[in-house]
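Accompanying notes for the structure given below.
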Amino acid sequence: MRKEIILTDYLSTQQNSFKHTLEKGLCGLKLKVSKLKKIKKSGFVLNIDGYNLKYKRPKFTSQDCIFKGKTYSTTLFISISIRHKDTYICNNKYIPIAEIPLITRKGEFIINGNSRIIINQCVRSFGLFFYKDTKDQSLFGTIVPEKGNWITVKITKKNRIYIKVDRMKNAALAFNLLKALGLTQKKIFHSIKKKNFLIQSINIINEDKPLMRLNFKYENYKFLNKKLFQSSDYSLGSTGRNKLNSRLYTTANYLKTTKLQPEDLLGTTNYLINLKNGLGEIDDIDNLKNKKIKLIGEIIEDQISLSLKEFVENIKEKINKMKVKIKKQKKIVSNINTKEIVNTRIISLNIKSFFSSNQLCQILEEINPLSEITHKRKVTSISGTKQRLNLKIREINDTHYKKICPVETVEGKNAGLIWSLTKEARINKNGFIETSFYIKKLLKKNKYRRIKKGTFFASSEHDFTNLLNKGSNKITTFIPTSRVQIVSIGTSLIPFLEHNDANRALMGSNMQRQAVPLMIRQKPIVNTGIENAIVHNNAYNTTSLYAGIVKYKSNKKIIIHESIKTQSGIDFRDSDLSRLFIEKKKRNLKISLYQKFMKRTYKLKKRRSTIHNTTVYETSLVFKNEWVKKAQILTDSASSHEGRLALGKNILVAYMPWKGYNFEDAIVISERLVKNDIFTSVHIKKYKTFLINNETGEEKLTNNIPNLDKTKRQLLNKNGTVKQGIFVTENSILVGKVKKLRNPNLKVKLLNLIFKQTYVKDTSLRVPLNNNGTVISTKVIKEKNIYIIIYLLEKRKIQVGDKISGRHGNKGTISKIMKLNDMPYLQDGTPIDMILNPLGIPSRMNVGQVFECLLGLAGKYLKENYELLPFDEIYGTKLSNRLVYNKLYEASTKTKNKWIFDPNSPGKTRIFDGKTSKAFNQPVTIGYAYMLKLVHLVKDKLTARSIGSYSYITKQPLKGKSKKGGQRFGEMELWALESFGSAYNLQETITIKSDDLTNKYKTINSLIKGNKLPIPSSPESIKVFILELQALCLNISLYYPDSRNKLF
């Protein structure tokens, strides 16, 4: 029986967290701080009502903010009363205090037109933790509150017990502190089981007189009592209190208060003494039950709380200035404006800084739907400190099972620190990761199994082991809901995953996120069944809210008539109902059923570009008068085909060497993939420019540009913008602009008098080098500064240098595009599309690609698609081999192509050389593999330096494509020239070809006039090196030979 594929709604948790922050978090947690409630200073009294907050509706929708480059946010208003002695400056006046970005339905924030998300941060959970220092053998018990300072109880190697509050220099003796907090000596000795240990520690303390300096004074105890046990600034939280109760108390003695009690410190001391005597367990810090996930709401609350202190200090500073103005300038109090006391931009600026520069806030990856949904499900355990994290933190923990994917993580220095949630994992409201299980009951005697209906979500917050019911012989346990529950969404898309090495599975999941949407989409022949779930749960495709009949469909919208009775009574969502039964049931419905219906319109997304220059659009997937079920997919996106994820193409591949062109990771492809647009992708680039008006001059839009041909002027509108539908190449004008100089020099003034024309400077926006495309949209937005946006659509065919990959981490670069006649061909005359290197399989141990291509070959000839979840070996040994061989044999018998399955070499067949028409000496593995075109396109990477700029300080050529830089001729390249003995070439490379500026100009003149080339001198790099040594007080200089004159 096929189990249901579950993909948890991850976005609802984030949206509910943000909603809770706006409704209760800000007023109940942050604005209730005593410092903000009432501020009294210099006769001024400022009251802030933190409970009655108001929010202003956003000016633009989220889609308008994307197109106009705005921030989708709301304004937070707060009621403030300011009084100076008996005169009110304002009374209960609502003023804007912060601009807070709003979360969208897709779980993202729109900041300056760009989609951003906040990565979930994994931090230590609230509660009580015990750990051991391996260096000095000390034991620690730390209380981590939800709000307030940490408290640590410590037992040293010499059995001395201290209690220390975070951020305090000295530690207090535990026995003295407990007595000072109100606990009697009798209660202390009665609560601690190992009384001899406590007596021994007290005797040690009394004998060691210098330790008495650590004793706090009575005032310090009084301060701690007020700060920790009576202050509203300290709270354990519900999670923290539950953990303390379960660890320290019996069920009858559970405490309900979230404030810290002296008994908590006493219980912590007792537990540490038991640990010293071998009783109890030390906590694993990396266990997920000791960690929690900070959701979006908590992170934003923390940022606002950090701004409150600065906000209060700024108010006090302005009150002091206002006091001086009242005394010296005799300013009337009634004329004082609220803005002169309250700076409303402080919190907004801090929030803006967080969304633009904090490492937790990142630009959303919108290459394809998989990259977006994977990016939103990431969890980081990086705390923000620059200290080097050890290997233990990066390792896989037992509690990661079915919650954190053991395969998918980032590659590089952050490997193991950034996690990806598994397919069915979700985060609960307390911040703990939980996953789904089926409940199973097993009878001891008869071994009878019974599975309850529905799923149960369990997290590491509680201990869910085998539960034995008292008085019965039943054991309740949990079984997984899916075979791919242990891996992430991206990893679960890899067919035959169990046959791949984990490192290559990691690359495969990362490569799929980099796949560019293709112009002609195609779903894979071999898939895992998760493709439909991803399309169903992303924001690129539209799904129906209720069942109904499609009455209208176009490229812009879909209209569905939903019967009111259908919504409440009849339900066609059951997937087991046959199409014939549904049609019969629809015919039997009374006409009165459709007398009352609700018209619902679904607007399709317009074609737009992403930050990675890929396209996003929607096309209708339903037909007119078609009955749609609830939650049915109505549209296809740029990365889906027939409601399934489609990131690549089914390509006929052959694993064989080909004249050295596919050495290592090189790939040979057929020209058919280029001519038939098999791997052609569509990219949209955005070009933006402003009209600048400053002291140097004023710019204006015009098509009357000096020295411009008439034919090129016809491509522009009257306002200077390029016409839609025009194909433009590099250096073509997109926006015609001229700048009239306000202070021209004498030469310009003379030309103006002679020709009786005003001299203007051409400042037009032109297409950059190596770029072209068709103009699909132009926008002129008039605000404070007029700015113009031009969108170019470009079709990119696959070419030599582009990077392609399979789903198993078998990535490579195209080295040669062969003619169709020269490619090897099958026994039925079909030419091979792609030739891969067979040596890349055994060394990388990703054998899953062989199973995929062979099963794809069978599916192509049988016209079948296969849905295979990974880890099918649980149903039998070598089940994948049997499945592939059976399908190949079936395809050979049904199509009467016996070459598809050769009993002597199963999975291989004889193919022929396209040039000689002779069969190759050995049979070759061929099949249909699902190949992806990655975003690393050679057109964006390839660059060469011809004429470029130099650094003004070091006189070195700049690097980078945007600065027209070149490739650095480094140390190893110099070694290569030295090994060949190319002395003159080496000398020219590091002097006149690089940064010997003086002789470079002399060389150019010598080449033009035909003179002898100058002798190269010292380059600028050696001069920079000597100047740096002189800055270190080392007297080093360069001199001319046979002279005392310095070289520079």
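Taking the UniProt record's numbering, the leading residue of the sequence shown gets 1, the next gets one more, and so forth.
Positions of the beta carbon are idealized from the N, C-alpha and C atoms, including for glycine.
Can you pull the DSSP bridge partners for residue i?
| i | result |
| --- | --- |
| D49 | S79 |
| E794 | H683 |
| K915 | Paired residues: none, contrary to the question. |
| S805 | K811, L932 |
| D762 | V738 |
| R644 | H641 |
| P480 | F437 |
| M168 | None, per the DSSP bridge assignment. |
| G548 | V628 |
| residue 1092 | The displayed coordinates of the chain run from 1 to 1048. Any statement about residue 1092 would go beyond what the structure contains. |
| Q827 | Partner(s): none; Q827 has no beta bridge. |
| L518 | S681 |
| residue 1052 | This structure does not reach residue 1052, given that the chain is present from 1 up to 1048, and the question cannot be answered. |
| V622 | DSSP, once it has assigned bridges, lists no residue as partnering V622. |
Select from the options the residue whose C-alpha is nearest the C-alpha of residue i.
| i | options | result |
| --- | --- | --- |
| T718 | K1009, V735, T729, Y655 | The amino acid at residue 718 is misidentified as Thr; the sequence shows Lys. Residue V735 is the option with its Cα nearest to K718. |
| E988 | A547, L1027, S1018, K1009 | S1018 |
| C65 | L102, I155, G965 | L102 |
| L265 | L716, Q827, T344, A172 | A172 |
| N505 | M519, Q514, G490 | At residue 505 the sequence reads Ala, which differs from the Asn that was named. Checking every option, the nearest Cα to that of A505 belongs to G490. |
| T74 | T87, Y55, Y88, K85 | Y55 |
| F690 | I788, K605, N650 | I788 |
| K289 | K747, F77, F126 | F126 |
| E408 | K402, T380, W419 | W419 |
| K154 | D136, I80, R241 | D136 |
| I285 | D709, R394, I161, I494 | R394 |
| R105 | L178, F18, R600 | F18 |
| L545 | S383, K556, I560, T702 | I560 |
| L708 | E671, T763, A666 | T763 |
| residue 1132 | T916, Y254, E263, A929 | Because the chain here runs from 1 to 1048, residue 1132 falls outside it and cannot be looked at. |
Comparing the C-beta of residue i with each C-beta of chain D, is any distance below 9 Å?
| i | result |
| --- | --- |
| S563 | Of the protein chains in the structure, only one exists, and it is not chain D. |
Rounded C-beta distance between residue i and residue j? I'm assuming under 8 Å.
| i | j | result |
| --- | --- | --- |
| I299 | A98 | Not a contact, Cβ separation roughly 15 Å. |
| G725 | V775 | 6 Å |
| V535 | I367 | With a Cβ gap of about 16 Å, V535 and I367 do not count as contacting. |
| I804 | N650 | About 13 Å; that fails the 8 Å criterion. |
| V924 | T909 | 7 Å |
| I520 | D677 | 6 Å |
| S1037 | I1026 | 7 Å |
| I684 | L793 | 5 Å |
Could you compute how far the alpha carbon of residue i sits from the alpha carbon of residue j?
| i | j | result |
| --- | --- | --- |
| P406 | L997 | 55 Å |
| L275 | G141 | 10 Å |
| L22 | N52 | 12 Å |
| I163 | A174 | 5 Å |
| N1045 | N1035 | 15 Å |
| T268 | G297 | 32 Å |
| G416 | N16 | 28 Å |
| S115 | S949 | 34 Å |
| L716 | K739 | 18 Å |
| E783 | P831 | 58 Å |
| G773 | R607 | 16 Å |
| N245 | P58 | 45 Å |
| N632 | G548 | A small correction: the amino acid at residue 632 is Gln; Asn does not occupy that position in the sequence shown. Their Cα atoms are separated by approximately 11 Å. |
| L211 | N170 | Residue placement at L211 is poorly supported in this model, since its pLDDT is 41, which falls under 50; the coordinates are not used for a value here. |
| L11 | L349 | 27 Å |
Answer yes or no: the CB of residue i versus the heavy atoms of the ligand GDP, is any distance below 8 Å?
| i | result |
| --- | --- |
| R945 | Annotation note on the ligand GDP: not contained in the displayed structure, which lists no ligands. |
- Query: Quick check: the segment 507 to 525 against the segment 874 to 891, are there 3 or more CB pairs under 8 Å?
  - Reply: With the cut-off at 8 Å, the segment 507 to 525 and the segment 874 to 891 do not touch.
- Message: Between the segment 427 to 435 and the segment 312 to 320, can you find at least three pairs of beta-carbon atoms closer than 8 Å?
- Response: With the cut-off at 8 Å, the segment 312 to 320 and the segment 427 to 435 do not touch.
- Task: Report yes or no: do three or more beta-carbon pairs, one from the segment 106 to 116 and one from the segment 355 to 362, lie closer than 8 Å?
- Result: Taking one beta carbon from each stretch, the segment 106 to 116 and the segment 355 to 362 have 3 or more pairs nearer than 8 Å; the two touch.
- Give a yes or no on contact between the segment 494 to 502 and the segment 839 to 853, applying the rule of three or more CB pairs nearer than 8 Å. The segment 494 to 502 is in contact with the segment 839 to 853.
- Message: For the structure I just gave you, are there three or more beta carbon pairs, one from the segment 853 to 868 and one from the segment 697 to 704, closer than 8 Å?
- Response: The segment 853 to 868 makes no contact with the segment 697 to 704, as fewer than three CB pairs between them are under 8 Å.
- Please confirm if the segment 968 to 981 is in contact with the segment 792 to 806, defined as three or more CB-CB distances below 8 Å between the two stretches. These segments do not touch.
- Query: Given 8 Å as the limit, is there contact between the segment 834 to 842 and the segment 646 to 661, that is, 3 or more CB pairs closer than that?
  - Reply: Touching, per the Cβ criterion.
- Message: Does the structure place the segment 610 to 628 close enough to the segment 883 to 890 that three or more beta carbon pairs sit under 8 Å?
- Response: Touching, no, given that fewer than three Cβ pairs across the two stretches are closer than 8 Å.
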